[in-house]
Amino acid sequence: MTRLIILGDELVAGTGDMRGLGWVGRAVARTEFTSETHVISLPVPHENTSDLAARWESEVMRRLGPDDEPLYAAVAMGVHDIPAGIAGARTRLNLANTLDGLYKLGARCMLVGPPPLPGVDSASIEALVKIGKEVAHRRNIPWVDTYTPLVNHEHWRAEFLEPGASYPGQSGYGLLTWVVLHEGWYEWLSA
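What the sequence shown shows, in my numbering, is residues 14 to 204, in sequence order.
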């Protein structure tokens with residue numbers, strides 16, 4: 014059985030999506046797996062990369078099957094390093110350690126960057142995107158930039174027009190899913 018593990022923050026859980034699918038549920042629903050696949054979402058709301066680096070191993074190890082089973086792991090970056098004041102060098106190290114640890118377990122990894130979100134400084138998100146891209150490229154793993162295609166997207170921005178809207182709704186998660194699917198999802202899972 015193939016295991017597909019998705020680590021990340023509340024966007025992995027689909028927070029704000031009335032259907033409860035988020036981008037992970039939508040991506041999985043649009044994927045024709047060639048073998049039995051156990052999809053395991055492991056989100057923690059408001060998680061930053063330091064918290065992720067501290068928890069991923071205990072979470073993943075409990076869910077591993079026999080050594081010969083294919084393992085895929087997607088790490089979805091959030092924006093929570095910004096309000097936590099985590100320096101770029103620390104973010105880079107946290108991501109590198111997490112991805113390297115997953116690789117040592119035999120996982121085929123993918124890194125998904127943070128999308129634009131209201132109330133979060135765009136320049137700071139762009140800095141996270143740059144860090145994520147560098148970390149992924151140094152490890153020769155797929156990188157999904159969700160920020161660039163969505164930052165000025167009319168429908169993405171419309172998701173946040175309601176007062177207090179902090180998360181995308183159904184349409185926003187649909188857009189986020191489209192970006193993930195068309196930026197290497199299928200190629201990654203067929204590798």
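Built from N, CA and C at the ideal position, the CB exists for glycine as well.
Keep in mind that this is a model prediction, so the values were computed, not measured.
Option in the options with minimal Cα separation from residue i
i, options, result
"Ala86", "Glu70, Leu163 and Pro176", "Glu70"
"Ala178", "Gly29, Glu23, Arg16 and Gly21", "Gly29"
"Trp201", "Leu188, Cys122 and Arg75", "Cys122"
"Ala140", "Leu77, Thr161 and Thr190", "Thr161"
"Trp36", "Gly187, Ser203 and His195", "Gly187"
"Arg75", "Ser63, Asp64 and Ile53", "Ile53"
"Gly126", "Val192, Leu174 and Thr44", "Val192"
"Lys146", "Tyr180, Gly101, Pro131 and Val57", "Gly101"
"Pro56", "Arg105, Pro129, Ile144 and Asp22", "Asp22"
"Lys117", "Arg152, Leu34, His195 and Tyr199", "Arg152"
"Leu194", "Ala26, Ala42 and Met14", "Ala42"
"Asp64", "Val25, Gly27 and Ala97", "Ala97"
"Thr50", "Gly27, Gly78, Leu34 and Leu115", "Gly78"
Whole-angstrom C-beta distance between residue j and residue i, which should lie under 8 Å
i, j, result
"Val164", "Ser135", "7 Å"
"Ile95", "Val133", "6 Å"
"Thr104", "Thr62", "5 Å"
Beta-carbon contacts of residue i that lie in its chain and below 8 Å, excluding the five residues immediately before and after
i, result
"Ala171", "Ser184"
"Gly197", "Met123, Pro155, Trp156 and Val157"
"Met14", "Ser48, Glu49, Thr50, His51, Gly78 and Glu82"
"Val148", "Arg105, Leu108, Ala109, Leu112 and Leu124"
Inter-residue Cα distance where the pair is residue i and residue j
i, j, result
"Ala120", "Glu167", "36 Å"
"Val73", "Phe46", "21 Å"
"His59", "Pro83", "29 Å"
"Pro176", "Ala89", "26 Å"
"Arg68", "Leu130", "25 Å"
"Arg16", "Asp113", "18 Å"
"Asp80", "Leu20", "20 Å"
"Lys143", "Pro128", "13 Å"
"Tyr180", "Ser48", "33 Å"
"Phe173", "Leu115", "34 Å"
Cut-off 7 Å between Cβ atoms - residues of its own chain near residue i, not counting five sequence neighbours on either side
i, result
"Ala204", "Arg121"
"Ala66", "Asn107, Asn110 and Thr111"
"Met31", "Gly182 and Gln183"
"Thr190", "Trp36, Arg39 and Ala40"
Residue interval of the beta strand (DSSP E) (run including residue i)
i, result
"Thr15", "Thr15 to Gly21"
"Thr50", "Thr50 to Pro56"
"Ala87", "Leu84 to Ala89"
Residues of its chain near residue i, where Cβ-Cβ distance is below 6 Å and the 5 sequence neighbours each way are ignored
i, result
"Ser137", "Ile95"
"Leu225", "The requested residue 225 is not part of the displayed model; the chain covers only 14 to 204."
Range of the contiguous alpha helix (DSSP H) that encloses residue i
i, result
"Tyr199", "Tyr199 to Leu202"
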